[in-house]
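Asker:
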Amino acid sequence: DSGSQMVDSEGNPLPEELIPLAQRVPGKHIKYLSEEQYHNLTQYKHHAPKTPYENFMLNKVTTHIEQALPKSWTANTITIVGNSMLYVAGALAMVYGGLTYAPTAITPVDDQGNPEKEYLPLWCFWFAAFAVQWFSWWDMMDGQRARRLKCGTPIGRIVDEAGDAVQYTWVSMIMGFVMRVDPGWLCLSFALINMPMYSMEIKFILTGTLSITAGGDALGPVEMELLFTLIFVICAIFGVHGLSNPVSDVFSFMPDTFEWKHLLAVFFLILLLLFTFENLLS
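Laid out in structure tokens, this is it:
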């Protein structure tokens, strides 16, 4: 009975800290979480250093948009709205790009061996670029809403960060359509996109410090999302067949079998390792 008051043997009200948490905060959580688990969840404080670019966006851009949104919208509402566009972008990539993995036969070619058309409509890349930035901006605004209106909740961390992992999975799938590298270790460049998040959680559990940046707080998720957006915009303008050209066309010392998509894959692998190992070394 949430209305009853707990008393000691002499009938005096018990101090709040002596009352079991499940009885202080009655609710359905007691069916799923132990008292200790629920207490740990309520004590979680989400705080991580911001990069210069993210600080600029928070202070100059997204703060004005967030303040214009209805006050009835919670931080979780903003998170869910921000997650919507990448679901659409991923679905478009699957519908127009197909569900089979055929890196050596991605486009028909003419008599000279040049691609006749893109295997994925260029407007899909424009939409993917828009979807990434849509997610990025709203992902910044949900934290601003939680702090400004004091509407953040422990469950918001799950909605936010678990949702982010799903969104990055969609981005990695679209990157797979961009690169179409042969099955092998280079596929790890997009298949392991959530490794930094897992290492971040491991670091937080073991050290109590949350960090989602790398390179001395100069590179974070917002910068990565900007990079993905740039890649999708370039693909929307020039197409993706150029990624199958050998790097030796520009750098003659490189082997002819090493293509631009391979270089892009190596670059992303290095970024993933940078984020992951910075967290694990802590």
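3 is the number of the first residue of the sequence shown in my numbering; add one for each residue after it. We put the CB at the ideal spot given by N, CA and C, even for glycine.
(1) Grab me the residues of Cys126's own chain with a C-beta within less than 7 Å of its C-beta, minus the 5 sequence neighbours each way, in chain order.
(2) Contact check, Thr53 vs Thr211 under 8 Å by CB: the rounded distance?
(3) Between the C-alpha atoms of Ala24 and Leu208, what's the straight-line distance to the nearest angstrom?
(4) What's the gap between the Cα of Phe137 and the Cα of Gly186?
(5) Report the option in Asp144, Phe179, Arg150, Phe129 whose CA atom is closest to the CA atom of Glu163.
(6) Would you mind sorting Glu12 into buried or exposed? The rule is 16 or more other CB atoms within 10 Å of its CB.
(7) If contact is defined by three or more beta carbon pairs under 8 Å, each pair taking one atom from either stretch, is the region 252 to 270 in contact with the region 154 to 161?
(8) Can you check whether the CB of Ile176 is closer than 8 Å to the CB of Ala91?
(9) Taking 8 Å as the threshold (C-beta atoms), are Val173 and Ile195 in contact?
(10) Can you look up Ala193 in the DSSP assignment and give me helix, strand or coil?
(11) Figure out for me which residue from Leu221, Val180, Pro223 has the closest Cα to the Cα of Leu245.
(12) Where does Gly241 sit, in a helix, a strand or coil, going by DSSP?
(13) Is the CB-CB distance between Pro213 and Pro51 below 8 Å?
(14) Should the region 53 to 63 be called in touch with the region 219 to 229, which here means at least 3 C-beta pairs below 8 Å?
(15) What does the Cβ neighbour count give for Pro198, buried or exposed, with the cut at 16 atoms within 10 Å?
(16) Measuring alpha carbon to alpha carbon, tell me which residue in Asn247, Val235, Cys189 is nearest Val268.
Answerer: Here's the rundown:
(1) Stepping through the sequence shown from its first residue, residue 126 is reached at position 124. Within the same chain, and ignoring the five residues on either side of Cys126 in sequence, the residues whose Cβ sits closer than 7 Å to its Cβ are Leu94, Ala95, Tyr98.
(2) Taking the first residue of the sequence shown as position 1, residue 53 is located at position 51. Taking the first residue of the sequence shown as position 1, residue 211 is located at position 209. With 8 Å as the limit, Thr53 and Thr211 do not qualify as a contact, their Cβ atoms being about 17 Å apart.
(3) Position 22 of the sequence shown holds residue 24. Position 206 of the sequence shown holds residue 208. Interpretation of Ala24 is limited by its pLDDT of 49, a score under 50 that renders its predicted location unreliable; no figure is taken from the coordinates.
(4) Taking the sequence shown and counting its residues from 1, the one referred to as residue 137 is at position 135. Taking the sequence shown and counting its residues from 1, the one referred to as residue 186 is at position 184. The alpha-carbon atoms of Phe137 and Gly186 are separated by roughly 30 Å.
(5) Start at 1 with the first residue of the sequence shown, and residue 163 comes out as number 161. Nearest option by C-alpha distance: Asp144.
(6) Within the sequence shown, residue 12 is the residue found at index 10, counting from 1. Looking at its Cβ environment, which holds fewer than 16 other Cβ atoms inside 10 Å, Glu12 is exposed.
(7) Taking 8 Å as the limit for Cβ pairs, the verdict is that the region 252 to 270 does not touch the region 154 to 161.
(8) Taking the sequence shown and counting its residues from 1, one reaches residue 91 at position 89. Taking the sequence shown and counting its residues from 1, one reaches residue 176 at position 174. Contact flag set, yes.
(9) Counting from 1 along the sequence shown, the entry for residue 195 is found at position 193. Counting from 1 along the sequence shown, the entry for residue 173 is found at position 171. Contact: yes.
(10) Here the question's residue 193 lines up with position 191 in the sequence shown. Here Ala193 sits in helix by DSSP.
(11) Reading the sequence shown from its first residue, position 243 is the one you call residue 245. Of the listed residues, the one whose Cα sits closest to Leu245 is Val180.
(12) Along the sequence shown, read from residue 1 onward, the residue named residue 241 stands at position 239. Three-state DSSP puts Gly241 in coil, outside helix and strand.
(13) Numbered from 1 along the sequence shown, position 211 holds the residue referred to as residue 213. Numbered from 1 along the sequence shown, position 49 holds the residue referred to as residue 51. Note that residue 213 is Ser in the sequence shown here, rather than Pro. Yes; because the gap between Cβ atoms is below 8 Å, this pair is in contact.
(14) Judged by Cβ distances under 8 Å, the region 53 to 63 makes contact with the region 219 to 229, as three or more pairs qualify.
(15) Taking the sequence shown and counting its residues from 1, the one referred to as residue 198 is at position 196. A buried status is given to Pro198, since no fewer than 16 other beta-carbon atoms sit within 10 Å of its beta-carbon.
(16) Here the question's residue 268 lines up with position 266 in the sequence shown. Comparing alpha carbon positions, the residue from Asn247, Val235, Cys189 closest to Val268 is Cys189.
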